[in-house]
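Residue numbers (numbering that gives the first Met the number 0): 0 to 228.
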Amino acid sequence: MSHFDQIAEQYEHLIKKDGNVRFDYIMDQLEEAGGVQGRRVCDVGCGPGELSAMLADKGAHVAAADSSAKMLELARRKSGKVTWLEDDAMRLGSIPDGTMDFVVSSLMLMDVPDFMAVFRQSHRILAPGGMMIWTIMHPCFQSPFSHPLDEGGRKVSHYDAQYWKSHGRGTIRSIVGSYHRSVSDYINGFQEAGFELVRTDEPLPDIPPPRVPHWFCAVGKSKPARNSN
Ligand SMILES: C[S@@+](CC[C@H](N)C(=O)[O-])C[C@H]1O[C@@H](n2cnc3c(N)ncnc32)[C@H](O)[C@@H]1O
């Protein structure tokens, strides 16, 4: 059982309030890369399925993987066109090598102990030249060590890689915790796993300053695996 089972309904409720704005970056980058009509897309850590369902509606062949049976139960209600897979993002055992044109991952890399395994598996399932697009909560500003200030900015006190749980009662992060890592850990790891970095972005929220980004986002192109001979 995944610990995300406990918060699946709470999470779905929470994100309903925010709308699907958190997927804008991934959707824009897919469009920039030629669109998804007829393309094979894997949504890694699909959660309650909104992004996968949107992609399927745009004509993509979508395989969506999540380790939480409860999240997948909610996701199945959103679309009958997606292949929903109960699978660990660090293994992706149900997806054969080289069978995807795109891998997308929205706000889930902070939830796995081994983010390198997710990058390596994503690289394995991509066809040559395929792309991975991922977003995370911005590790500089969205962490337990970053505290909101009255005027709208944030004060950051630590930037060390560590697993943390929030102290709030019944909040999502008090139940499932999160792995805090630096931007450089992610970017170096992404490249070491076989991706050529195409771009990174830190979209700013549409509010008056001072404002800090909620998300850190990256796009990479799969390079051929190194020959081990
Ligand atoms: C914060 S939610 C994000 C869900 C969705 N992508 C979104 O943006 O709304 C993180 C998701 O990652 C999933 N997850 C966590 N660890 C995982 C793992 N090892 N393998 C697959 N999915 C995992 C959780 O079950 C959860 O659905």
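Built from N, CA and C at the ideal position, the CB exists for glycine as well.
From a predicted model like this one, the values you see are computed outputs, not experimental measurements.
Report task. Leaving aside the five residues before and after P212 along the sequence, list all residues of the same chain whose C-beta is less than 7 Å from its C-beta, in chain order. Result -> In the sequence shown, residue 212 corresponds to position 213, counting from 1. So the list reads H137, F140, E201, P202, L203, once near-sequence residues are dropped.
Query raised in the report: D110 by DSSP, collapsed to three states: which one?
Result: As a position in the sequence shown, residue 110 is number 111, starting the count at 1. Helix at D110.
Report task. With hydrogens ignored, establish whether the beta-carbon of L203 is closer than 7 Å to any heavy atom of ligand 1. Result -> In the sequence shown, the residue the question calls residue 203 occupies position 204. Between ligand 1 and L203, a heavy atom-to-CB distance of less than 7 Å is absent.
Requested in this report: With hydrogens ignored, establish whether the beta-carbon of I14 is closer than 7 Å to any heavy atom of ligand 1.
Outcome: If you number the sequence shown from 1, residue 14 lands on position 15. Correct: I14 has its Cβ closer than 7 Å to ligand 1.
Report task. Any chance you could list the residues with Cβ under 5 Å from a heavy atom of ligand 1, keeping chain order? Result -> The set, ordered by position in the chain, is F3, G44, G46, D65, S66, S67, M70, D87, A88, S105, L106, M107, D110, V111.
Report task. Under 8 Å by Cβ, that's how I've got I132 and L29 pegged, so tell me the actual separation to the nearest angstrom. Result -> On the sequence shown, residue 132 is found 133 positions in, with the first residue counted as 1. On the sequence shown, residue 29 is found 30 positions in, with the first residue counted as 1. Yes, I132 and L29 are in contact; Cβ-Cβ is about 7 Å, under 8 Å.
Query raised in the report: Among M0, F215, E150, S78, which one has its Cα closest to the Cα of P47?
Result: Along the sequence shown, one-based indexing puts residue 47 at 48. Nearest of M0, F215, E150, S78 to P47, Cα basis: S78.
Requested in this report: Have a look at K15 and R21 and give me their C-alpha separation to the nearest angstrom.
Outcome: Working through the sequence shown from its first residue, we reach residue 15 at position 16. Working through the sequence shown from its first residue, we reach residue 21 at position 22. Straight-line Cα distance between these residues: approximately 11 Å.
**Report entry** 7 Å Cβ shell around D184 - same chain, five flanking residues per side excluded
**Finding:** The residue you call residue 184 lines up with position 185 of the sequence shown. Cβ neighbours of D184 beyond the five flanking positions: A160.
**Report entry** Cβ neighbours of L58 in the same chain (closer than 7 Å, five flanking residues each side left out)
**Finding:** Taking the sequence shown and counting its residues from 1, the one referred to as residue 58 is at position 59. Inspection of the sequence shows that residue 58 is occupied by Gly rather than by Leu. Here the set comprises V35, Q36, G37.
Report task. Could I get the ranges of all uninterrupted beta strand (DSSP E) runs contained in the region 180 to 210, with 3 residues as the minimum, in chain order? Result -> List check, beta strand (DSSP E) in window: 194 to 200.
Query raised in the report: Using 8 Å as the threshold, is the region 143 to 159 in touch with the region 112 to 126, meaning 3 or more CB pairs across them?
Result: Inter-segment contact for the region 143 to 159 and the region 112 to 126 is absent: fewer than three beta-carbon pairs are separated by less than 8 Å.
Query raised in the report: Is the beta carbon of V214 less than 8 Å from the beta carbon of Y10?
Result: Here residue 214 corresponds to residue number 215 of the sequence shown, with the count starting at 1. Here residue 10 corresponds to residue number 11 of the sequence shown, with the count starting at 1. For clarity, residue 214 is Trp in the given sequence; the question names Val instead. Going by C-beta atoms, W214 is not nearer than 8 Å to Y10.
Requested in this report: May I ask you to report which of helix, strand or coil DSSP gives A7?
Outcome: For the purposes of this step, residue 7 is taken as residue 8 along the sequence shown, with counting starting at 1. In this structure, A7 counts as helix in the three-state DSSP scheme.
Query - Through-space distance from D56 to S221, alpha-carbon basis - result: The residue given as residue 221 occupies position 222 in the sequence shown. The residue given as residue 56 occupies position 57 in the sequence shown. So the alpha carbons of these two residues sit roughly 25 Å apart.
Query - Cβ-based neighbour list, G62, same chain, cut-off 7 Å, excluding 5 preceding and 5 following - result: Numbered from 1 along the sequence shown, position 63 holds the residue referred to as residue 62. Just to set this straight, residue 62 is Ala in the shown sequence, not Gly. Counting only Cβ-Cβ distances below 7 Å, and skipping sequence neighbours, we find C41, T82, L84, I94.
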